[in-house]
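Note sheet for the following structure.
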Amino acid sequence: MEHELERIRHSTAHLLAHALSQLYPGILFTVGPATESGFFYDFLPRTNLREEDLPAIEKRMQELVKKNYPVLFKTVSKDEARELFKHNPFKLELIEQIEEPVVGISSQGDFFDLCRGDHVPSTGALGHFKLLNVSGVYWRGDKEKPQLQRVLGVAFETAEELAAFIKQREEALEYDHRKIGEEMDLFSLQPEGVGFPFFHPKGLAVIHQLQSFMRSLMTENGYQEIATPTLLSADLWRRSGHSSFYRDSMYFVPIDDEEYAIKPMSCPGAFLIYKNRPRSYRELPMRLSEFGHVHRRELSGVLHGLMRVRAFTQDDAHIMCTLEQMEAEIVNVLKMIFTMLAKTGFETIKIAIATRPENAMGDPEVWDRAIEVLRAAVEKSGYAYYMKEGEGAFYGPKIEVGISDLMGRQWQCSTIQVDFLQPENFDLTYVASSGQKERVVVIHHAIYGSLERFFGILLEHYKGKLPFWIAPLQARILPITDEERPYAQTVMDTLKHAGVRVDMDQSSDPLSGKIKAAQLERIPWMLVIGKKEAAANTVTLRRVDGTQEFGVTVDELVRRAKSLTDSARPN
Ligand SMILES: [Zn+2]
Ligand SMILES: [Zn+2]
Numbered sequence: 089m090e091h092e093l094e095r096i097r098h099s100t101a102h103l104l105a106h107a108l109s110q111l112y113p114g115i116l117f118t119v120g121p122a123t124e125s126g127f128f129y130d131f132l133p134r135t136n137l138r139e140e141d142l143p144a145i146e147k148r149m150q151e152l153v154k155k156n157y158p159v160l161f162k163t164v165s166k167d168e169a170r171e172l173f174k175h176n177p178f179k180l181e182l183i184e185q186i187e188e189p190v191v192g193i194s195s196q197g198d199f200f201d202l203c204r205g206d207h208v209p210s211t212g213a214l215g216h217f218k219l220l221n222v223s224g225v226y227w228r229g230d231k232e233k234p235q236l237q238r239v240l241g242v243a244f245e246t247a248e249e250l251a252a253f254i255k256q257r258e259e260a261l262e263y264d265h266r267k268i269g270e271e272m273d274l275f276s277l278q279p280e281g282v283g284f285p286f287f288h289p290k291g292l293a294v295i296h297q298l299q300s301f302m303r304s305l306m307t308e309n310g311y312q313e314i315a316t317p318t319l320l321s322a323d324l325w326r327r328s329g330h331s332s333f334y335r336d337s338m339y340f341v342p343i344d345d346e347e348y349a350i351k352p353m354s355c356p357g358a359f360l361i362y363k364n365r366p367r368s369y370r371e372l373p374m375r376l377s378e379f380g381h382v383h384r385r386e387l388s389g390v391l392h393g394l395m396r397v398r399a400f401t402q403d404d405a406h407i408m409c410t411l412e413q414m415e416a417e418i419v420n421v422l423k424m425i426f427t428m429l430a431k432t433g434f435e436t437i438k439i440a441i442a443t444r445p446e447n448a449m450g451d452p453e454v455w456d457r458a459i460e461v462l463r464a465a466v467e468k469s470g471y472a473y474y475m476k477e478g479e480g481a482f483y484g485p486k487i488e489v490g491i492s493d494l495m496g497r498q499w500q501c502s503t504i505q506v507d508f509l510q511p512e513n514f515d516l517t518y519v520a521s522s523g524q525k526e527r528v529v530v531i532h533h534a535i536y537g538s539l540e541r542f543f544g545i546l547l548e549h550y551k552g553k554l555p556f557w558i559a560p561l562q563a564r565i566l567p568i569t570d571e572e573r574p575y576a577q578t579v580m581d582t583l584k585h586a587g588v589r590v591d592m593d594q595s596s597d598p599l600s601g602k603i604k605a606a607q608l609e610r611i612p613w614m615l616v617i618g619k620k621e622a623a624a625n626t627v628t629l630r631r632v633d634g635t636q637e638f639g640v641t642v643d644e645l646v647r648r649a650k651s652l653t654d655s656a657r658p659n
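Be aware that the sequence shown starts at 89, since it is given in my numbering, and climbs by one per residue.
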């Protein structure tokens, strides 16, 4: 975040607290930091604030902007600070945690706050902000501690940036994938399976398109597909380290007298297949791919449509290889990721390398070596990258590929992980050309990441108007009257035979109604057939963007459908 923006966000958090202190005397403030996209302030209210209260708070903030109070900063001794905040146990707790002997205090008008400094010179420099919502949080994120309220907001340097944000936010609400999914009849979320999406026929058709694209890409790159069980013995998860490092995210199930777990990842299954017989160096790199349906425990509060779920399908793969082969394999996986993103229409890519987390397994030196390999491979790809310190998985560092959608939002999708630890845990070896047994290295990767989530991202990115090759239904035939039905039927048969996903509107609605229904379902091609078209053996092609073309022959449609589908092949 640029420095100036951070200063504005930080200062706007003080401005929010200033306004709240005037409107709701007795409110106890806790912390109010700047964030990646804005700021928030947490506080203990006397009576709970509601969303409806936000406009009045914004209004008061704007009044304080007009007053143009200078923002002053000074340091005081801890004793002075304790005196200043004697009525606020939260601030007193914070003061105790400050390591320096002095404490920073910022003030504007009659308001003062505990602070590290770095503000705009006066409140008049602020003003391009918006308060987004009120939510409930716990002090220190701890359920045992007092429940607080949080007001979240955004702030920008200019009015234009704020206006752009507001527009983007309205669009995001309008094109929420849950709303589109319902309009297009793709999937649903039901109380009988909280966090477990239900895919309807057309939604599953999209998932199948994504899978079949990935299968071709994998096959071309020398992968072999496997399928491993959903339920596996808890012993196995102990061996992999998941039951100690990942236990909170897993579901356990008793079978007979044994404890089993539902897989949160597919790795151990792939390792068992690798280990099923001795392997020779001639078989390496061995690339095993799997569409693994995994379950992970998530709190119900964080679930969000297809983006955050409790069960999802990873396009998972594991490469067992030698140390020397590792870098070339990662370079190739990156290439596959770029191919997938180009074909699905994502151009803005952000690459991060996530390093050793605190709860990591294994030797830090081994970690360093793995991070170096990841770095070298990313550098070969020519893309810029940044480091995410401490954000790797417990068994290895990873490359994360983030994408931006058309509304400018960031999503994380693909990951590549290097792993020296599971080969130890599972004793994964090969017989080298010397006849010696050697340890393999494992590379884990997922290119879409979660298919469900990627589907959700696609829906929002395209506002439901999916590219022709992914669209569940590519064409709908709209006969104007019943008289055209026999000809319409032959058009449909020809298209179906050519592999186009097509149906016919059987209703007796007027043409405008048929178009409206097809438009809501975002069907790329509406093929209108009236008297004239039937007589000329043509159709009128109406696209989902509203453009029309008259007198198109069926042969021409088949040719175009084929070319649109071919251009989406991975090679
Ligand atoms: Zn401050
Ligand atoms: Zn894995």
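Here a beta-carbon is modelled for each residue, glycine too, at the ideal position from N, C-alpha and C.
>> Between residue 194 and ligand 1, is there a pair consisting of the residue's CB and a ligand heavy atom that are separated by less than 7 angstroms?
In response: Within the cutoff, so yes.
> Do the stretch 189 to 197 and the stretch 154 to 161 touch if we need at least three Cβ pairs shorter than 8 angstroms?
Replying inline: The way I'd put it, the stretch 189 to 197 does touch the stretch 154 to 161; three or more beta-carbon pairs between them come closer than 8 angstroms.
> residue 282 to residue 383, Cα distance in whole Å?
Replying inline: Using only the alpha carbons, I get a separation of about 12 angstroms.
>> What does DSSP give as the partner residue(s) for residue 634 in the beta ladder?
In response: Paired residues: none, contrary to the question.
> Taking 7 angstroms as the cut-off, does the CB of residue 677 come closer than this to any heavy atom belonging to ligand 2?
Replying inline: The first residue shown for the chain is 89 and the last is 659, placing residue 677 beyond what the model contains.
> So, is residue 131 buried or exposed, given that buried needs 16 or more other C-beta atoms within 10 angstroms?
Replying inline: A residue is called buried when at least 16 other Cβ atoms come within 10 angstroms of its Cβ; residue 131 meets this threshold and is buried.
>> Tell me whether the stretch 243 to 257 and the stretch 364 to 372 touch, counting them as touching only if at least three CB pairs, one residue from each stretch, are closer than 8 angstroms.
In response: With a cut-off of 8 angstroms, the stretch 364 to 372 and the stretch 243 to 257 do not count as touching, because too few Cβ pairs lie within range.
> Which two residues bound the contiguous beta strand (DSSP E) that contains residue 522?
Replying inline: From DSSP, residue 522 is part of no beta strand (DSSP E); its letter is neither H nor E.
> Taking just the CA atoms, how far does residue 123 sit from residue 31?
Replying inline: Since the first residue shown for the chain is 89 and the last is 659, residue 31 is missing from the structure and cannot be characterised.
> Can you tell me whether residue 595 is buried or exposed, with buried defined as 16 or more other CB within 10 angstroms of its CB?
Replying inline: Counting Cβ neighbours within 10 Å, residue 595 comes out exposed, since fewer than 16 surround it.
> What does residue 224 pair with, by DSSP beta-bridge criteria?
Replying inline: Residue 224 is bridged to 237.
> Applying the criterion that 16 or more other CB atoms from any shown protein chain within 10 Å of the CB defines a buried residue, is residue 302 buried or exposed?
Replying inline: With 16 or more other Cβ atoms within 10 Å, it is buried.
> Tell me, which residues are paired with residue 129 by DSSP?
Replying inline: According to DSSP, which records beta bridges pairwise, residue 129 is partnered with 239.
>> In the DSSP assignment, the beta strand (DSSP E) including residue 503 goes from what residue to what residue?
In response: Per DSSP, the continuous beta strand (DSSP E) segment holding residue 503 begins and ends at 498 to 507.
>> Can you tell me which residues fall inside 7 angstroms of ligand 1, judged by beta-carbon distance to its nearest heavy atom, and keep chain order?
In response: One residue list follows from the rule of a beta carbon closer than 7 angstroms to any heavy atom of ligand 1, given in chain order as 98, 99, 102, 194, 201, 203, 204, 205, 206, 207.
> Got a sec, what are the start and stop residues for the beta strand (DSSP E) residue 279 sits in?
Replying inline: In this chain, residue 279 is not harboured by any beta strand (DSSP E), its DSSP state being neither H nor E.
> residue 107 by DSSP, collapsed to three states: which one?
Replying inline: In the three-state DSSP reduction, residue 107 falls in the helix class (H, G or I).
> For ligand 2, which residues have a Cβ under 5 angstroms from at least one heavy atom, in chain order?
Replying inline: Answer in sequence order: 355, 532.
>> Could you tell me the alpha carbon to alpha carbon distance between residue 468 and residue 403, rounded to whole angstroms?
In response: Their backbone Cα atoms lie some 24 angstroms apart in a straight line.
> CB residue 656 to CB residue 557, shorter than 8 angstroms?
Replying inline: Cβ distance < 8 angstroms, so residue 656 and residue 557 count as in contact.
>> Within a Cβ cutoff of 6 angstroms, which residues of the same chain sit near residue 401, ignoring the five residues on either side of it in sequence?
In response: Residues 379, 381, 539 of the same chain have their beta carbon placed closer than 6 angstroms to that of residue 401, with the five preceding and five following residues left out of the count.
> Are the Cβ atoms of residue 340 and residue 347 separated by less than 8 angstroms?
Replying inline: Yes, the pair counts as a contact, with Cβ atoms nearer than the cut-off.
>> I'd like to confirm the pairing. Which residues does DSSP put opposite residue 550 in its beta bridges?
In response: Note: residue 550 is not bridge-paired with any residue in the DSSP secondary-structure output.
> residue 635 to residue 135, Cα distance in whole Å?
Replying inline: Their Cα atoms are separated by approximately 55 angstroms.
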